[in-house]
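One structure below.
Residue numbers (this note's numbering), protein chains in the order written: chain A, 576 to 993; chain B, 1036 to 1336.
Here is the structure:
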């Protein structure tokens, strides 16, 4: 069974909670007593329909306490796939939430209300999904029941969204007309949309092909921890533990060790209990080298003829999460793969207007929820790839050295060697 | 040759990555171990993360003094097998020293007192990272918790002020006296845990499989007759086939009627439990209450 991680984005009224509730219900993740409670509450409140949004509640109590601004993770499974939903609610800290959810997502699900059409917010979600290199995007045109399941209205929305998405970097875009409230095209095909010949939402989530999304070309292995048992049974064992970022490693392969620049071969790759023939992302393994070299946490294994850029100068898109603005000249902590450093912001090149995609030059700072392009210089060299090519070696976080909070997420655009 | 991990192997790899990250970046981690199934899986993952070396941190049991013998036997056996240090922090000691006040009455439980003992033990030992077996599918509030969950000098969690977690980059920075709770099983569900127990042949205390035991009904739960509970008037002990879904303090851990004697049968029951276990936990508030208690029992948080 495969794992598919997806992020959902939307505002309070577009039916996102109802859609998630519908999927959880129809894939039988919901206890009957929970459903009864929801039906009872819905009746008490005088709703005409069972309000499935109440299923993902707790939310409601949390809302009263003011913590709805946070990403929630939910889980469901079908015989074909296990799903992890990063549910990213909308208004406050929307960029932070969506960026966080999208950072690990294979797919982004964006909802629009069929009556309202494509709003600025829907565009913003698409921009963030594209920026974070989420390869698959599904636009669910919800509340089709409120527009009499009108094909022309659906087509109009699809066309408008397609025009906008054409400016973005999205490999795979799907459109599905649904009614989360009534269940049309969520799990079963709706008799109300005979004109729609595509898959239901669940069918799409179960079958969308994600096998080629991982980078299996560029071998990158950030060393995380050095395993040295120093015991009688494993006297000379020295394993470099880590999670494969990209590419495939096999015993006998020649590897380049960064930053030292030495090359050697892989003597063996171990998982707990024994050797394996190959290691690919996201496997956590121990790699043993043929020669004893000085290797420690923060180093990286690559190939002599395919290595990341080794650099202290990084250009990146930054999503800013802090109330204290980002400005040129400031210094932050950086965590990139297993390497930590400090970085000075050299220049704020522009701020991106995520609604119009316009680049606003001459901005003094990035405020909370802003996205912009910066260049920075790090205290030690990092081993980087372009984020578009590698989500692991192309990403980093910025940490405020006063508060220790995570204040920014960075996606590397280009790096100049040296 | 395939280059696609199954969902369980992907979850395992993610958890191992988290264990190694903490061992590399923190000075004094500790793993909470109750003998329950989640902590059994945690210990197994930690074992894998550092193989063939020993687990480079101790495990700690917050001992209410009201344990099932099977769980204690299991705890001691696993610790001996792995050759790691066990710290037992005793709720009785907290009571004796006046740090915690014992509840009274027939329904008295030491469940809540564990927090005092836990926080004192973290401070006394200077632990800066505390691994727990909590999962996001357990409870609605937990659905929002981070893998690295920051705690201030009072051990408090501030859900409104959590650090965003992106990619596989975790921020463990903290000051002296503060610590981070670490949840490597965040993305696992109850069913994932059971499937892993089956696939990886993880040994569990016998309590998790159906056995004959003297139990009685209280508040919709089946409680085991033991020296740690007082059977009240009107409560009729009877012998039944039961198993435990969670294993913790004997005074408040409920059993469920079950005929599942193997892990495969338990998985079938867990998968179908949406249909069968409802009747026993009818009142809605009881579901969430029980969930909260499960959570405290399994993860102490």
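All C-beta atoms in this analysis are idealised placements derived from N, C-alpha and C, irrespective of residue type, glycine included.
To which residues does DSSP link residue i through a beta bridge?
i               : result
residue 1249(B) : 1274(B)
residue 647(A)  : 662(A)
residue 1179(B) : Answer by DSSP bridge pairing: none, since residue 1179(B) is not bridged.
residue 935(A)  : 926(A)
residue 1258(B) : 1251(B) and 1289(B)
residue 815(A)  : 801(A) and 862(A)
residue 885(A)  : 958(A)
residue 843(A)  : 863(A)
Does residue i get closer than 9 Å to chain B when you measure Cβ to Cβ?
i              : result
residue 763(A) : no
residue 913(A) : yes
residue 818(A) : yes
residue 601(A) : no
residue 679(A) : yes
residue 988(A) : no
residue 869(A) : no
residue 524(A) : The first residue shown for chain A is 576 and the last is 993, placing residue 524(A) beyond what the model contains.
residue 853(A) : yes
residue 674(A) : yes
residue 591(A) : no
residue 812(A) : yes
residue 799(A) : yes
Answer yes or no: does any C-beta atom of chain A fall closer than 9 Å to that of residue i?
i               : result
residue 1061(B) : no
residue 1189(B) : no
residue 1210(B) : yes
residue 1051(B) : yes
residue 1224(B) : yes
residue 1195(B) : yes
residue 1077(B) : no
residue 1085(B) : yes
residue 1036(B) : yes
residue 1042(B) : yes
residue 1204(B) : yes
residue 1058(B) : yes
residue 1088(B) : yes
residue 1064(B) : no
residue 1120(B) : no
residue 1200(B) : yes
Buried or exposed for residue i, please, with buried defined as at least 16 other CB atoms from any protein chain shown within 10 angstroms of its CB.
i               : result
residue 982(A)  : buried
residue 1195(B) : exposed
residue 933(A)  : exposed
residue 1200(B) : buried
residue 1191(B) : exposed
residue 646(A)  : buried
residue 886(A)  : buried
residue 1307(B) : exposed
residue 792(A)  : exposed
residue 1042(B) : buried
residue 1018(B) : Nothing can be reported for residue 1018(B): it is not among the residues displayed for chain B, which extend from 1036 to 1336.
residue 672(A)  : buried
residue 963(A)  : exposed
Could you check whether residue j and residue i sit closer than 9 Å to each other, using their CB atoms as the reference points?
i               : j               : result
residue 681(A)  : residue 795(A)  : no
residue 856(A)  : residue 820(A)  : yes
residue 959(A)  : residue 884(A)  : yes
residue 762(A)  : residue 943(A)  : no
residue 972(A)  : residue 910(A)  : yes
residue 949(A)  : residue 923(A)  : yes
residue 908(A)  : residue 917(A)  : yes
residue 1231(B) : residue 1116(B) : no
residue 1054(B) : residue 1166(B) : yes
residue 1051(B) : residue 1080(B) : yes
residue 1086(B) : residue 798(A)  : no
Along the chain, where does the beta strand (DSSP E) that runs through residue i open and close?
i               : result
residue 717(A)  : 711 to 717
residue 1065(B) : 1064 to 1067
residue 962(A)  : Unbroken run through residue 962(A): none, as it is neither H nor E.
residue 911(A)  : 906 to 911
residue 1125(B) : 1121 to 1125
residue 1155(B) : Premise fails: residue 1155(B) lies in the alpha helix (DSSP H), 1149 to 1160, not in any beta strand (DSSP E).
residue 580(A)  : 577 to 584
Would you kindly report the start and end of the unbroken alpha helix (DSSP H) that includes residue i?
i               : result
residue 1074(B) : 1072 to 1085
residue 1057(B) : 1042 to 1060
residue 768(A)  : Per DSSP, residue 768(A) belongs to no alpha helix (DSSP H) and is neither H nor E.
residue 1229(B) : 1225 to 1234
residue 1339(B) : In the structure displayed, chain B extends from 1036 to 1336; residue 1339(B) sits before or after that span and is not available.
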